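Asker: Under this note's numbering, the first residue of the sequence shown is numbered 4, with each subsequent residue one higher. Each residue gets a CB set at the ideal place from its N, CA and C atoms; glycine is no exception. Small disclaimer: the values here were computed from a predicted structure and weren't measured. Pasting in a structure now, in structure tokens, and then I'll have a few things to ask.
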Amino acid sequence: GIGMVHQHFMLVEAMTVLQNIILGDKRFKGIFIDHAARRKEILELSWRYGLNIDLEAKITDISVGAQQRVEILKALYRGAELLILDEPTAVLTDIEVEGLYTVIEKLKSEGKSIIFISHKMREVLHVSDRVTILRAGKAIQTLIASETDGKALANLMIGRDLIECEYEKKESGQSPVIELRSVDYNKTSKHNGLSGVSLMVRKGEILGVAGVDGNGQSQLSQIVTGVAMAEAGEVVLKGSKVHHVTAADFIEKNVSHIPEDRNRMGLVGNMTVEENLLLKSTQKCEFCNFNGWHLKKKAMRAYAETMREKYDIRCQGMDQEIRSLSGGNQQKVILARELEANPDLLVAVHPTRGLDIGATRYVRDSMIAARDAGCAVLLISADFDEVLQLSDRIIVMFEGKVMGEYSGKNPPISAISLAMAGK
């Protein structure tokens, strides 16, 4: 009677929604599956709990929010009375979050029990009746949600008073590190393309990209890191037009990247902490001989230990597999690797997604420090508050287009919100 919806969904992307839900069902024996009966049962569950979904759609063709509904349906189909939701809003849009709240209320009204695991204080207080705070693997305290507030919860989470931080906004008059001029990429797709995108990021500033996730932000990050090439328009990096280059070429030009999915794009899960810290450095002369044929193990270990201490990476040792670390410590490994290169351009995509308050503060402080050291920072985030807090300038993306540009000082929140809706 216990169901789990993991932060990273456990779905077979090549299969349909129906196939994923009934996969591994042990209630029915034999070599034939009564798909009509299964479909009827699942449709009744989806109507009952407001989890509307196309059962014949492939997982690759549906949104992240829809994939989460599939996971919830999987658990309910197996008779779950207790549902555990691990960071359920980390990858959802605001509209999808509201939809999840509605589903949770419906489940509660039907007598289901919910464990809602999250670092987001407002969401915890919104959905919970009781709140238990965990720190370093221990239950610190349980509180009635209506009798506490976000600040008190945050202080209990990190073990000290969290001082509110306001970052200074700057206007950079320096030259642009990267510039996009009327860039198109897969422009016929409103949610997975770019159409006539123009922007520039200058030395010593943070340009924030606001917008509901899925409006071309992923494609923008691919263009400015060399993962994809513009189909039209110009990309100018450090004063030179970019033609037919690769991600490796961008790395050579001192571009660092905090990817949107650290597990798929930022880390190699079965490699060690040390190996992940040195992924971009093994060809450097201080770590190898004979053009990389022989690695200097002692030098590599000393460097990794220095990074561990400097970036407060909490692990059992340098030989621990990276996938066994917490999300916050995994992100610190990426930060250490990318920032120690002293980049000219840092592309940070959803850099604090799924992180606790302490790790979030650390990542944000690190980006501000990089900016103050002269780095150009392109911040792409679905967290509107994060964009407002960190950005010196803000652009808004909607359906692959730039809807407007705004100053980070006293930004017009109403105008930005309308632009995010395409108005």
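1) Could you give the distance in angstroms between the alpha-carbon of A142 and the alpha-carbon of D187?
2) Quick one: residues in its chain with C-beta nearer than 7 angstroms to the C-beta of G330, no 5 flanking neighbours on either side, listed in chain order?
3) Take V239 and list the residues in its own chain whose beta-carbon comes closer than 6 angstroms to its own, dropping the five residues that flank it on each side.
4) In terms of residue numbering, what span does the beta strand (DSSP E) encompassing L146 cover?
5) Check for me: the beta strand (DSSP E) holding E182 runs from which residue to which?
6) DSSP on G214, reduced to helix/strand/coil?
7) Could you name the residues of the same chain whose beta carbon sits closer than 8 angstroms to that of V390, not counting the 5 residues immediately before and after it, in chain order?
8) If I measure Cβ to Cβ from L159 and keep anything under 8 angstroms in the same chain, skipping five residues before and after, which residues do I get?
9) Under DSSP, the beta strand (DSSP E) around I98 begins and ends at which residues?
10) Contact check, I24 vs V67 under 8 angstroms by CB: the rounded distance?
11) Given this structure, state the Cα-to-Cα distance separating R311 from L76, to the nearest angstrom.
12) What residue range does the beta strand (DSSP E) around K404 cover?
13) Since R374 and T355 are thought to touch, with beta carbons under 8 angstroms apart, how far apart are those beta carbons, to the nearest angstrom?
14) Below 8 angstroms, how does it come out for the region 262-282 and the region 319-336: are there three or more Cβ pairs, yes or no?
15) Output the distance between the C-alpha atoms of G82 and I5, rounded to the nearest integer angstrom.
16) Which stretch, first to last residue, makes up the beta strand (DSSP E) that contains A83?
17) Can you say whether E90 is buried or exposed, counting buried as having 16 or more other CB atoms within 10 angstroms of its CB?
18) Which ranges would you report for the alpha helix (DSSP H) in the region 329-416 if only whole runs of at least 4 residues count?
19) For A60, which residues from the same chain have a beta carbon less than 7 angstroms from its beta carbon, with the 5 sequence-adjacent residues on both sides left out?
20) Could you tell me which residues DSSP puts in a beta bridge with A235?
21) Please go through the same chain and pick out, in chain order, the residues whose beta-carbon is closer than 6 angstroms to the beta-carbon of P179, but skip the five residues on each side of it.
22) Which residues bound the alpha helix (DSSP H) around L54?
23) Using 8 angstroms as the cut-off, can you tell me whether the region 213-222 makes contact with the region 190-197, which would need three or more C-beta pairs spanning the two stretches below that distance?
Answerer: So, from the data block:
1) Each residue's alpha carbon lies about 51 angstroms from the other.
2) Once the five neighbours on either side are set aside, the close Cβ partners of G330 are G357, L358.
3) Contacts found: E182.
4) Per DSSP, the unbroken beta strand (DSSP E) holding L146 starts and ends at 141-147.
5) E182 -> beta strand (DSSP E) spans 179-188.
6) DSSP places G214 in coil when its eight states are reduced to three.
7) Sequence-distant partners of V390 (beyond 5 residues in either direction) whose C-beta falls short of 8 angstroms from its own C-beta, in its chain, are G211, V212, A213, L382, S384, I397.
8) Residues I136, R138, I143, Q144 of the same chain have their beta carbon placed closer than 8 angstroms to that of L159, with the five preceding and five following residues left out of the count.
9) In the DSSP assignment, I98 falls outside any beta strand (DSSP E) and within the unbroken alpha helix (DSSP H) covering 97-112.
10) The beta carbons of I24 and V67 sit about 17 angstroms from each other, so the pair does not count as a contact at 8 angstroms.
11) When rounded, the distance between both Cα atoms is 41 angstroms.
12) From DSSP, the beta strand (DSSP E) with K404 extends over 404-410.
13) Contact flag wrong, Cβ pair sits at about 16 angstroms.
14) Taking 8 angstroms as the limit for Cβ pairs, the verdict is that the region 319-336 does touch the region 262-282.
15) Approximately 8 angstroms, taken between the alpha carbons.
16) Secondary structure note for A83: it is in no beta strand (DSSP E), with a DSSP letter that is neither H nor E.
17) E90 is buried by the Cβ-count criterion.
18) Fully enclosed alpha helix (DSSP H) runs of 4 or longer: 330-342, 360-375, 387-393.
19) Around A60, the same chain offers T19, V20 as residues with beta carbons nearer than 7 angstroms, after the five sequence neighbours per side are excluded.
20) Answer is D187.
21) Excluding residues within five positions, the ones whose Cβ falls inside 6 angstroms are M203, R205.
22) Careful: L54 lies outside any alpha helix (DSSP H) and carries neither H nor E.
23) At 8 angstroms Cβ cutoff, the stretches touch.
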